[in-house]
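*Asks:* Here it is, the structure in full.
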Amino acid sequence: MNRVELAVRTFFWIFFKKDFRERIAPFFEYDENQLSSIEQKVDEDESGAVVLPRQLQANRSDAIALLALLQREGRLIDFLKESISDYSDAQIGAAVRDVHRDCAAVLERSFEIVPLVEKEEGSQMQIVSGFDPDETRLTGNVTGNPPYNGILRHCGWKASKCELPQWQGSSSSAMVVAPAEVEL
1 MNRVELAVRT FFWIFFKKDF RERIAPFFEY DENQLSSIEQ KVDEDESGAV VLPRQLQANR
61 SDAIALLALL QREGRLIDFL KESISDYSDA QIGAAVRDVH RDCAAVLERS FEIVPLVEKE
121 EGSQMQIVSG FDPDETRLTG NVTGNPPYNG ILRHCGWKAS KCELPQWQGS SSSAMVVAPA
181 EVEL
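Read the sequence shown against our numbering and you will find it ends at 184, with the numbers running on by one and no gaps.
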């Protein structure tokens, strides 16, 4: 098939075949120099959608990805951005219950948050010389050198994994946390 015939057929396929239009759209978000410099093969995922090589994928901050997840699944931003001064404590409590449950599920699925210290809060704890200040924060009357004896006030948290979804959208919408919703 020659280039003219291919261009004409592609032109009409874009108009009449939505799935085709969605599959080739990522190629038009980059200039020709960017595309020609990429030597990797373009793949397709299970659904047949185009998966661009890593160099061509739009960048999105992991922080924005996390915000988007918390909004999509827990409506956290909607809750935090809405003024709650006009609502009763019972109404706020009912809303918080759903937001809490859904956002906690996002954290567990994406990060598997676990306690940093496997002791009960309020229990005695000894801090030895050479402790990591990123893992243990000393509060109160801190004098002298370790070892220190104290009371565990908070166990701390750590993520045992970090799995955020890979951004597949355009670079122009990489900062979008939640799309506008329009009902027709």
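Idealized CB from N, CA, C, for every residue including glycine.
Give the DSSP-derived three-state secondary structure of Asn126 in the structure shown.
*Replies:* Looking at the sequence shown, residue 126 is not Asn but Gln. In this structure, Gln126 counts as strand in the three-state DSSP scheme.
*Asks:* Which two residues bound the contiguous beta strand (DSSP E) that contains Val114?
*Replies:* Unbroken beta strand (DSSP E) run through Val114: Ile113 to Pro115.
*Asks:* To the nearest angstrom, how far is it from the Cα of Thr10 to the Cα of Ser173?
*Replies:* Roughly 26 Å separates the two Cα atoms.
*Asks:* Compute the beta-carbon to beta-carbon distance between Val99 and Gly74, rounded to the nearest angstrom, for a pair I have assumed lies under 8 Å.
*Replies:* Right, their Cβ atoms sit about 5 Å apart.
*Asks:* Kindly list the residues whose CB is nearer than 7 Å to the CB of Thr136, restricted to its own chain and excluding five residues on each side of it in sequence; keep chain order.
*Replies:* Excluding positions up to five away in sequence, the list reads Ile127.
*Asks:* To the nearest angstrom, how far is the alpha carbon of Leu138 from that of Glu112?
*Replies:* Taking the straight line from one Cα to the other gives about 26 Å.
*Asks:* Give me the DSSP bridge partner(s) of Gly150.
*Replies:* Answer by DSSP bridge pairing, in chain order: Met125.
*Asks:* In whole angstroms, give me the CA-to-CA distance for Asp62 and Asn2.
*Replies:* Roughly 43 Å between the two C-alpha positions.
*Asks:* Just to confirm my understanding: we take Glu108, look at its own chain, exclude 5 residues before and 5 after, and list those with CB closer than 8 Å. What are they?
*Replies:* Excluding positions up to five away in sequence, the list is empty.
*Asks:* In this structure, what does DSSP give as the bridge partners for Val159?
*Replies:* Note that residue 159 is Ala in the sequence shown, not Val. The partner list for Ala159 (beta bridge, DSSP) reads Ile113.
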